[in-house]
Structure formats: C-alpha cells, structure tokens
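**Q** Could you have a look at this structure, given as structure tokens, before my questions?
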Amino acid sequence: MSEDNGADKLTPCPKKPNCVSSRATGRQRIDPLANGETQWQRLPTVLGEFPGIRIVAREADYLRAEARTPLLRFVDDLEFQYSPEENVIHMRSASRLGYSDFGTNRKRLESIRERLEEKS
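So the sequence shown is residues 1 to 120, counted in full-length UniProt numbering.
Shown next, in the form of structure tokens:
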C-alpha cells in the first residue's frame, strides 16, 4: 500500500462477529489507541512480545500483522493505521475463517492496548 494522505487503509469489517475495528460501528467498534505518536513508535516492539504475532507489512503510517491462534493455529489479520491529525492509531483485528471468534479479536487488541499503556 502506498501513502495517500491519511486515507483509510483499514479493511472494513465483514458482517460477521469475528472482527473489531476502530472504524466500525455498533458491536464491532473498538476505541482507537490514544497517544498515537508515542504509541506508534512502541507498537512494533510490543507486537513482537506476543507469541504468534508477526509483522508482515510496514509503512510510515500503516502496519499489518498476522496472529496465529495457539490451539488450532488459525491466522487472524491485524491492521494498525497512525492518524497524526487525530493523534490516534486506528486498529482492526479479524479472523480469516469462521463466523464467530468468541471475542478473541477484541481481547487481543485490548491486550495490545494494555501492554502499550504499561510502557507509557
């Protein structure tokens, strides 16, 4: 992906309960990460601390990673986009397979948020 002046790079959530995004509405909505500028610098290191998460693409304002679930080894997609205008990091986590994730994607992003806040 190329830089396009802050355009939304996060993939929209499908109409299934196995995705959360700070760009979504309703039950799929999750708050973006605050203190975007500072947290953007820390994010790659924090992601590396989680077993099964691997960064697969990185740009100045966008990062994509894959998370492998421990038990069944399913791959979930994570996306993060830094918005300097809002000073937040928009984020998305979605399962590639299945219908429901039983809250796994929301829990994962909240764990990442907590780890980033611990390092503040």
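Yeah, the Cβ is synthetic: ideal placement off N, Cα and C, and Gly gets one too.
Could you name the residues of the same chain whose beta carbon sits closer than 6 Å to that of K99, not counting the 5 residues immediately before and after it, in chain order?
**A** Looking at the sequence provided, one finds Tyr at residue 99 rather than Lys. Excluding residues within five positions, the ones whose Cβ falls inside 6 Å are K16.
**Q** Which term fits E85, buried or exposed, when burial requires 16 or more other beta carbons within 10 angstroms of its beta carbon?
**A** Result: exposed.
**Q** Can you confirm whether the segment 30-49 touches the segment 82-97 when touching is taken to mean that 3 or more C-beta pairs between the two stretches lie within less than 8 Å?
**A** yes
**Q** Report the residue ranges of all beta strand (DSSP E) runs contained in full by the segment 76-107; include only those spanning at least 3 residues, in chain order.
**A** 88-95
**Q** Quick check: the Cα distance between I55 and R68, rounded to an integer number of angstroms?
**A** 12 Å
**Q** What does DSSP give as the partner residue(s) for L63 in the beta ladder?
**A** R58 and F80
**Q** Relative to the C-alpha of L47, which candidate in D77, L97 and F102 has its C-alpha closest?
**A** D77
**Q** Shortest alpha-carbon distance to L97 belongs to which of N18, A60 and D8?
**A** N18
**Q** Looking at the unbroken alpha helix (DSSP H) that takes in G26, where does it start and where does it end?
**A** Run containing G26: none; DSSP gives neither H nor E here.
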